[in-house]
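Listed in order, the protein sequences are those of chains A and B. Take the first sequence: its position 80, counted from the start at 1, is 80 in UniProt numbering, and no numbers get skipped. Take the second sequence: its position 347, counted from the start at 1, is 347 in UniProt numbering, and no numbers get skipped.
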Amino acid sequence: MKVTIDNISIEVEPGTTILNAARMIGGDIVPPAMCYYSKLEGSGGKCRTCLVKVSKGSEKDPRPMPKLVASCRTTVMDGMEVQNITSPEVIEARKGVVEMLLINHPLDCPVCDQAGECHLQDLGYEHGAAKTRYEFDRRTFERIDIGDKIQLHMTRCILCYRCVFTADQITDHRIHGILNRGDHSEISTYIQKAVDNDFSGNIIDVCPVGALTDKTFRFKNRVWFTKPVEAHRDCDKCCGKVTLWYKGEDVLRVTARKDEYGEAEEFICNTCRFDKKKTSDWVIEGPRKISNKSVISANHYDTLKPLPVVKTNPLLQQANKEQFERETRL
Amino acid sequence: MGRKLLLEHINVPGINTFDVYRSKGGYASVEKALKTLTPDEVVEEVKKSGLRGRGGAGFPTGMKWSFLAKPEGVARYLVCNADESEPGTFKDRYLMTHIPHLLIEGMIVASYALGAKTSYIYVRGEMMPQIRILEKAIAEAKAKGFLGTNILGTGYDLELYVQPGGGAYICGEETALLESLEGKRGNPRIKPPFPAIAGLYGCPTVVNNVESIAAVVPIVNEGGEEYAKVGIGRSTGTKLISAGGNLKRPGVYEIELGVPVEEFIYGDEYCQGIANGKRLKAVVAGGSSVPILPANLILKTINNESRLMSYESLADGGFATGTMMGSGGFIAYDEDQCIVRNTWNFARFYHHESCGQCSPCREGTGWMEKVLHRLEYGHGKMIDMDLLVDVSKKIEGNTICPLGDAAAWPVASAIRHFRNEFEWHVTNAHEVTTRNYGLAHYADPLPLLEKAEA
């Protein structure tokens, strides 16, 4: 199937979503996604940051779709034409969504443990929506203890449901979920139970903001002062492939390896994450490459390379000229 | 007198019982459909009738039925949406209370047409009396051989169940209803897939409103073409209107679509005018989720044509000068009613009922409510009106389900048509704060209202 996103065309398999088609092209035209997580079945469609305009439905039915659609949940049709950053309507809607998300998510990045790794921080910055016009009291929460490894900050939660899907799909039992409805919704455990199963630590990795943080790491350092290193070990529970975050000689944090969209490549178990913090526990593979967009990559200069799909497709090179040139310039 | 197709026998004593209902020709459509028509022929009749969904969206019912996937060996379901929760709308519960067998008859015929062997009537949890009435009626129909196995010896089997809901407005949205019916939290599903492909338990499902299903009975009895002769243009048949607000005679009326709005408000057969000799100020024509219109625009279109009670005429002018038929919840406001207060009240409702799944609705409905609250209580700012319009635009069309639109439209339309009233609340904060206003609290009546009266 052929789909065209912001004037760049690509052939994709039937059933591919617009977001994933855009990811195959790569670059600036990839819509942001706060709730979609490719490794979690059924995720997406909730945060509405990935809204795009379908200006042509398909070759068979070229009518535009009447409303903006969530690109993470809308599958492509043959001949579909999509506008993302080329549509002012999309940019305006997305800016509105960011403003809504910031109503109950304080921009306290200087104190938040997620700073430097927060997708909402990036999104707010990209859309110039660091402020919201909301003037009323923000919602506050009593502190909820969900165990000795994970800290829940409900004030920062944007209710993306990723952690709920994670717990539902990769742990042996889910004991946390969404309580209440509307803007009273909150992530909580069943009568203040602890989240303690073997893979529960992954809910920290999937959280796009600082609502779920690692108690063994939080406030020990800022991520941009740490050095990410890829390592592995033989683990009987998970793949054992992780990123170690060093400060000097010390491993401060262990996380799953994240791809360019901030998604875990493979989920890891709690033993690897929380209990193996000695270099001797691991076989070191080498430094982890971090996107040059990330604050973590400050001072780590690297030559940007065009995405494979752009390099192999002359049409894409032509259509994506501006981005291609920018990357070459860099 | 307008023609009655649903409520013709509503005043017959005992019409809620099987025997009386049957004596008045009840269940004839079941006999006709099961014995003389194929399921596809029934669907064809409904298509011919031009019936449009009576729950609010107005989508052609026959077309909706024809979208139903029919894979081999997979169950199909018909679900009746009786979760009537739209503020201002109370026609379905009236129908279920007084003539429950009409709905059950419609369910049997519609289930037959769709090939459903199990069907559900999903009733709002608070409506316990109606739930009991329906359960009794189903038991009667089953005892008489109209439900269960081998109905009327035709070989068709159907089990019909009444399922009480949890009492959340969002469960009236068809996919949230299906989630609720499956025993889950009533959150809307992301479409596609549509229920016609993957609905209840992942099987092809049709969800129809109570009134839509009841309308299948006269369609089958009289034929689709005959039904289409009633009404006007693409608005065929009759419609139940639940009229409320400051009307002299509020209630549930069955109207032939195409009746002039003026006749509906002032006519002797219907509402008989505004109560206490007041003037009409505004109307919400189709339940709280549709745009409000000032008196002049509800009585006449922008082209100075008489506004009719039809899908097309009410929508004439788009959202700038028109509104929607919606669910038929017709709320009239007299000149004393405060539009700001009313708008805040609606916003409060939608804020409370938002499921919270998607960001614009979850956060935006609360934001609008808080701004309206401060306007209503004399703490508003002149910029609030623009803020509200902007926030409503950010919600509209960007949410998973139509609840976002339902929350945005009343606010945007109220400011569009009654901006001076909102501004009055800002400039006369003292009167507003001390609640020292009431009757006709404008020094200067609305220009639009003046025109309407002229």
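Glycine is no exception: its CB is placed at the ideal position from the N, C-alpha and C atoms. Remember, predicted model here, so these are calculated numbers, not experimental data.
- Nearest to T323 (chain B) by alpha-carbon distance, out of B:H98, B:I197, B:R416 and B:S242, is B:R416.
- The beta carbon of K394 (chain B) falls within 7 angstroms of a beta carbon belonging to chain A, placing the residue at that interface.
- Rounded to whole angstroms, the Cβ separation of V220 (chain B) and K48 (chain B) is 11 angstroms, and the two are not in contact under 8 angstroms.
- With contacts defined as CB atoms closer than 7 angstroms, A113 (chain B) and P39 (chain B) qualify as a contacting pair.
- Sixteen is the threshold: since fewer than 16 other Cβ atoms of the shown chains lie within 10 Å of the Cβ of R249 (chain B), the residue is exposed.
- With 16 or more other CB atoms across the displayed protein chains lying within 10 angstroms of its CB, D384 (chain B) is buried.
- According to DSSP, C80 (chain B) shares a beta bridge with B:I121 and B:N208.
- In chain B, no part has a C-beta under 7 angstroms from the C-beta of A256 (chain A); the shortest such distance is about 26 angstroms.
- Exclusion of the five residues before and after A414 (chain B) leaves I292, I339 and T343 as the residues of its chain whose Cβ lies within less than 6 angstroms of its Cβ.
- Between G165 (chain B) and chain A, the shortest Cβ-Cβ separation is not below 7 angstroms.
- For C235 (chain A), no Cβ of chain B is located within less than 7 angstroms of the residue's own Cβ.
- At a cut-off of 7 angstroms between beta carbons, M1 (chain A) makes no contact with chain B.
- Neighbours of D183 (chain A) in chain B, taken as residues at a C-beta separation under 8 angstroms, are given in chain order as H351, S354, G356, R362, E363, T365 and G366.
- Put simply, the CB of G45 (chain A) is near chain B, with a gap under 7 angstroms to one of its CB atoms.
- G328 (chain B) is positioned such that its CB atom lies no closer than 7 angstroms to that of K64 (chain B).
- Using a Cβ-Cβ cut-off of 7 angstroms, I103 (chain A) is close to E363 and W367 of chain B, given in chain order.
- Here I395 (chain B) is buried, its C-beta having at least 16 other C-beta atoms within 10 Å.
- Residue nearest to E41 (chain A) within the set A:E126, A:V164, A:V195 and A:R133 is A:V164 (criterion: CA-CA distance).
- Judged by their CB atoms, L123 (chain A) and V98 (chain A) are nearer to each other than the 7 angstroms cut-off.
- Among the CB atoms of chain A, none fall inside 7 angstroms of the CB of S288 (chain B).
- Taking each of A:T216, A:A231 and A:H127 in turn and checking the Cα distance to F274 (chain A), the smallest one comes out for A:T216.
- When the beta-carbon positions are compared, A116 (chain B) and Y161 (chain B) stay at least 7 angstroms from each other.
- A distance below 6 angstroms between beta-carbons, with the five flanking residues on each side excluded, links E369 (chain B) to the following residues of its chain, in chain order: A347, R348 and H351.
- Interface with chain A (7 angstroms Cβ-Cβ cutoff): S49 (chain B) is excluded.
- The three-state secondary structure of T140 (chain A), taken from DSSP, is coil.
- The alpha carbon of R257 (chain A) has as its nearest neighbour, out of A:E230, A:L179, A:D236 and A:G79, the alpha carbon of A:E230.
- Look at R234 (chain B) here: in three-state DSSP terms it is coil, with no helix or strand label.
- Using beta-carbon distances, S29 (chain B) does not count as an interface residue toward chain A, since no partner is under 7 angstroms.
- Straight-line measurement puts the Cα of G224 (chain B) at about 23 angstroms from the Cα of F146 (chain B).
- Judged by beta-carbon spacing, T255 (chain A) lies within the 7 angstroms limit of T243 (chain A), meaning their Cβ atoms are closer than that value.
- G124 (chain A) has a beta carbon lying at 7 angstroms or more from every beta carbon in chain B.
- Not a single CB atom of chain A sits nearer than 7 angstroms to the CB of I138 (chain B).
- Non-local C-beta neighbours of T86 (chain A) in its own chain, meaning closer than 6 angstroms and more than five positions away in sequence, comprise D6, ordered along the chain.
- For T97 (chain B), there is no enclosing beta strand (DSSP E); the enclosing alpha helix (DSSP H) covers residues K91 to H98.
- P294 (chain B): member of the beta strand (DSSP E) spanning I292 to P294, first to last residue.
- The residues E265, in chain order, have a CB closer than 7 angstroms to that of D259 (chain A) in the same chain once the five nearest residues on each side in sequence are set aside.
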